[in-house]
Amino acid sequence: MNQGDLSGEYGRWKSGPYAKTCARFPERKERFEGSSGIEVKPLYTPLDVEQVDYVNDLGFPGEYPYNRGVQPTMYRGRFWTMRQYAGFATAEESNRRYKYLLEQGQTGLSVAFDLPTQIGYDSDHELSAGEVGKVGVAIDSLADMETLFDGIPLDKVSTSMTINAPASMLLAMYIAVAEKQGVFANKLNGTIQNDILKEYAARGTYIFPPKPSMRLITNIFEYCSTAVPRWNTISISGYHIREAGATAVQEVAFTLADGIAYVKAAVDAGLDVDDFGPRLSFFFNAHNDLLEEVAKFRAARRLWARIMRDRFGAKDPKSMQLRFHTQTAGCTLTAQQPDNNIVRVTLQALAAVLGGTQSLHTNSRDEALALPSQDSVRIALRTQQIIAYESGVADTIDPLAVSYYIEALTDEIERAAADYIRRIDEIGGAPAAIERGFIQAEIEESAYRYQMEIESGDRTIVGLNDFQIEEDRPSGLLKVDPAVGDLQCRKLAQLRAERDNAAVEASLAALEHAASGSDNLMPYILDAVRAYATLGEMCGVLRGVFGEYKPTVAY
Amino acid sequence: MDEGRKIRVLVAKPGLDGHDRGAKVVARALRDAGMEVIYTGLRQTPEQIVAAAIQEDVDVVAMSILSGAHNYLFPRVMQLLRERGVDDVLVVGGGIIPDEDIPGLKECGIAEVFTPGASTADTVKFIRENIKR
Numbered sequence: 001m002n003q004g005d006l007s008g009e010y011g012r013w014k015s016g017p018y019a020k021t022c023a024r025f026p027e028r029k030e031r032f033e034g035s036s037g038i039e040v041k042p043l044y045t046p047l048d049v050e051q052v053d054y055v056n057d058l059g060f061p062g063e064y065p066y067n068r069g070v071q072p073t074m075y076r077g078r079f080w081t082m083r084q085y086a087g088f089a090t091a092e093e094s095n096r097r098y099k100y101l102l103e104q105g106q107t108g109l110s111v112a113f114d115l116p117t118q119i120g121y122d123s124d125h126e127l128s129a130g131e132v133g134k135v136g137v138a139i140d141s142l143a144d145m146e147t148l149f150d151g152i153p154l155d156k157v158s159t160s161m162t163i164n165a166p167a168s169m170l171l172a173m174y175i176a177v178a179e180k181q182g183v184f185a186n187k188l189n190g191t192i193q194n195d196i197l198k199e200y201a202a203r204g205t206y207i208f209p210p211k212p213s214m215r216l217i218t219n220i221f222e223y224c225s226t227a228v229p230r231w232n233t234i235s236i237s238g239y240h241i242r243e244a245g246a247t248a249v250q251e252v253a254f255t256l257a258d259g260i261a262y263v264k265a266a267v268d269a270g271l272d273v274d275d276f277g278p279r280l281s282f283f284f285n286a287h288n289d290l291l292e293e294v295a296k297f298r299a300a301r302r303l304w305a306r307i308m309r310d311r312f313g314a315k316d317p318k319s320m321q322l323r324f325h326t327q328t329a330g331c332t333l334t335a336q337q338p339d340n341n342i343v344r345v346t347l348q349a350l351a352a353v354l355g356g357t358q359s360l361h362t363n364s365r366d367e368a369l370a371l372p373s374q375d376s377v378r379i380a381l382r383t384q385q386i387i388a389y390e391s392g393v394a395d396t397i398d399p400l401a402v403s404y405y406i407e408a409l410t411d412e413i414e415r416a417a418a419d420y421i422r423r424i425d426e427i428g429g430a431p432a433a434i435e436r437g438f439i440q441a442e443i444e445e446s447a448y449r450y451q452m453e454i455e456s457g458d459r460t461i462v463g464l465n466d467f468q469i470e471e472d473r474p475s476g477l478l479k480v481d482p483a484v485g486d487l488q489c490r491k492l493a494q495l496r497a498e499r500d501n502a503a504v505e506a507s508l509a510a511l512e513h514a515a516s517g518s519d520n521l522m523p524y525i526l527d528a529v530r531a532y533a534t535l536g537e538m539c540g541v542l543r544g545v546f547g548e549y550k551p552t553v554a555y
Numbered sequence: 001m002d003e004g005r006k007i008r009v010l011v012a013k014p015g016l017d018g019h020d021r022g023a024k025v026v027a028r029a030l031r032d033a034g035m036e037v038i039y040t041g042l043r044q045t046p047e048q049i050v051a052a053a054i055q056e057d058v059d060v061v062a063m064s065i066l067s068g069a070h071n072y073l074f075p076r077v078m079q080l081l082r083e084r085g086v087d088d089v090l091v092v093g094g095g096i097i098p099d100e101d102i103p104g105l106k107e108c109g110i111a112e113v114f115t116p117g118a119s120t121a122d123t124v125k126f127i128r129e130n131i132k133r
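So the sequence lines, in the order shown, correspond to chains R and F. Under this note's numbering, read the first sequence as residues 1 to 555, first letter to last. Under this note's numbering, read the second sequence as residues 1 to 133, first letter to last.
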């Protein structure tokens, strides 16, 4: 059948059987739409993908524009990395959890740090009170890092670290621990998040103002391109932007706009785009709308390939490949009937796999209530294993491609995200758009709309605003011992008493001097780390030179 | 309280936690309900929150924490308010707060704790019904 006949046939069906049925039995809603407001039509046909040029718009796995995936064999070669974000209390306790997860078949580590660590305060700083070891592990110095990875061979695992403002210090600690294990830096695999722009816009663990922050980031790009060549030097993150309330389109747009800003900063600092481009990685959210999410991942991949090739003139195909980690959407989990969260996470994880993720964290059912218990984490990991080993979806590449709906939606999301990026370019790029509060305001608007949809009943959340039951709150939640703070402070006092304080002073003075100039700071940070300078001391020196970021936008 | 005077609310983020989606949604919902809302922004110490509450002469302090530091930070705010002789301000809290922690928080003076799934309409209603002045 040719397209003309199809168009006629479609019109006949739409005004005939479809319209007649709608007249007798109205549809559930007047308008169906995805998170981004893109209308979902009742039916998709070849007419919706008329514009799609298979070779140019989809291509083949492992080839430009990577719509169908970044590797030629995808999960037929190897499953995605199953990487559960974990860390709490002390390095000793977190080390035990990592070993447990590895024993259970997890294939990569993902370190959660507590807030004082993420903001560059030692555990004994007054602002750390009450926060030590709460949302992640407390790391004050190389000594804690040695404990954290005790008995875990760093040449055998890949480790992702959710660390941003002080990313260079934690990476330096990781390198130093590896040295002590006899592992050279060029053998290390892993990722640091190192994405400061989304901290200003959505996540909040910033320390320094944008300019010196961007310098620290480009210093890492430059240092790792030779010294730690397998390391993913940044994980440009849409996850937290989405968690803060953004839509699928906004998640893609704001993440890639941040990516553009990092590439531009590095190119402006004199680096070649193909020297650092292949080590850029991404981090996305997997939300509830399964098909919209699959289309989102595919759209992001194609849009980034085009940006790297056309805007930045990248030549190395690896620079154009958007490789990404995914985490299921924490904000969708309910405290009510928490076992239902296992089902939500399954659907979200399926979206990530159908969307071609390189690694995946599945949330635990109890995360709307507390840090996950060991049993809940195991179920979350098993969810990934069931998708991988039992569901069959990993046996062929990009199985939803050329679905009329998926391709039409992929195009629409890409187009809408590109429009947003154009608006951000007009403002002067992501840093300027954040400084003006544009990105934050867009996210807040979406967050508010989502909440009002729930409260008005327009959006049903099972167990929350419909299908409720009387229930007891679950027991067996994980609780971090408040004594962790005192313990960590005692360890710190002991460290300060036992280390070579003259060497610490000298390394900090050298770091301060270098920060005032234009040298790459990584070697100075490594020296200070090896001398057991604390994270708070190193960040304190840099706070003195760089100043601290103060949000400019009043709410 | 005086008829015609708008309820003034300080929405505050104590501690180092950067999750302010909930705080901002609540702030906007209270504003839409006709209240005057001041949002502190992130990383406020208990001292800063109490100083802002006094300076802005608010009727309500609404604090949000998702980092698990509530058992330290909420009571600290209450203690400082008492030390400054403030006893007519309604203080409420919200965030990921386990049920078992709630009685202790109420005992120290937090009037209500809103946990995941609470609606902004309930928060508005609670504030209107329990305001102290």
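For glycine and all other residues, C-beta sits at the position ideal for the given N, C-alpha and C.
Backbone secondary structure at residue i - three-state DSSP
i              : result
N56 (chain R)  : helix
F126 (chain F) : helix
R83 (chain R)  : strand
N2 (chain R)   : coil
I439 (chain R) : helix
P210 (chain R) : helix
G85 (chain F)  : coil
R28 (chain R)  : coil
N341 (chain R) : helix
V545 (chain R) : helix
T45 (chain R)  : coil
N189 (chain R) : strand
R323 (chain R) : coil
T328 (chain R) : strand
S67 (chain F)  : coil
R298 (chain R) : helix
Contacts of residue i in chain R (Cβ-Cβ under 7 Å)
i             : result
R31 (chain F) : Here the premise fails: no neighbours, minimum Cβ distance about 10 Å.
R28 (chain F) : Y448
V25 (chain F) : A447, Y448, Q451
Under 9 Å by beta carbon: chain F residues contacting residue i
i              : result
Q336 (chain R) : P116, G117
Contact check, residue i vs residue j, beta carbons under 8 Å
i              : j              : result
Q104 (chain R) : I163 (chain R) : no
V25 (chain F)  : T115 (chain F) : no
R436 (chain R) : G18 (chain F)  : no
V49 (chain R)  : Q488 (chain R) : no
R301 (chain R) : Y66 (chain R)  : yes
S235 (chain R) : D195 (chain R) : yes
I397 (chain R) : M74 (chain R)  : yes
S67 (chain F)  : K134 (chain R) : yes
Q336 (chain R) : G463 (chain R) : yes
N285 (chain R) : E243 (chain R) : yes
K125 (chain F) : V89 (chain F)  : no
S319 (chain R) : G277 (chain R) : yes
I207 (chain R) : P166 (chain R) : yes
Q384 (chain R) : L360 (chain R) : yes
Interface partners of residue i on chain R, CB under 9 Å
i             : result
T45 (chain F) : E126, L127
S67 (chain F) : D114, L115, G130, E131, K134, V135
L73 (chain F) : A129, G130, E131
Residue i classed as buried or exposed, judged by whether at least 16 other C-beta atoms fall within 10 angstroms
i              : result
P42 (chain R)  : exposed
V77 (chain F)  : buried
E367 (chain R) : buried
E251 (chain R) : buried
D472 (chain R) : exposed
G8 (chain R)   : exposed
Cβ of residue i within 8 Å of any chain A Cβ
i              : result
I139 (chain R) : Protein chains in the displayed structure are R and F, and chain A is not among them.
Residue i CB to nearest heavy atom of the ligand SAH below 7 Å
i             : result
G18 (chain F) : Among the ligands in the structure shown, none appear at all, so the ligand SAH cannot be discussed.
Per-residue contacts from residue i into chain F (C-beta, under 7 Å)
i              : result
E444 (chain R) : K24
Chain R contact residues for residue i, given Cβ-Cβ distances below 8 Å
i             : result
L42 (chain F) : G204, P551
Subject >> chain R contacts made by the stretch 99-110 of chain F, where a contact means CB separation under 7 Å >> reply: D99
**OP:** Taking a Cβ distance cut-off of 7 Å, strictly less, list which residues of the stretch 63-79 of chain R are near chain F, in chain order.
**Re:** none
Subject >> Contact set between the stretch 7-19 of chain F and chain R, restricted to residues whose Cβ is under 8 Å from the partner >> reply: G15, L16, D17, G18, H19
Subject >> Near-chain F residues of the stretch 188-220 of chain R - C-beta to any C-beta below 7 Å >> reply: R203, G204, T205
**OP:** Give, in chain order, every residue of the stretch 87-106 of chain R whose Cβ lies closer than 7 Å to some Cβ of chain F.
**Re:** none
**OP:** Check distances from the C-beta atoms of the stretch 461-475 of chain R to those of chain F and list, in chain order, the residues that come in under 7 Å.
**Re:** L464, R473
**OP:** Compile a chain-ordered list of the residues in the stretch 85-96 of chain F whose CB is closer than 8 Å to at least one CB of chain R.
**Re:** I96
**OP:** Anything in the stretch 237-251 of chain R with a Cβ closer than 9 Å to a Cβ of chain F? List those residues in chain order, please.
**Re:** H240, E243, A244, G245
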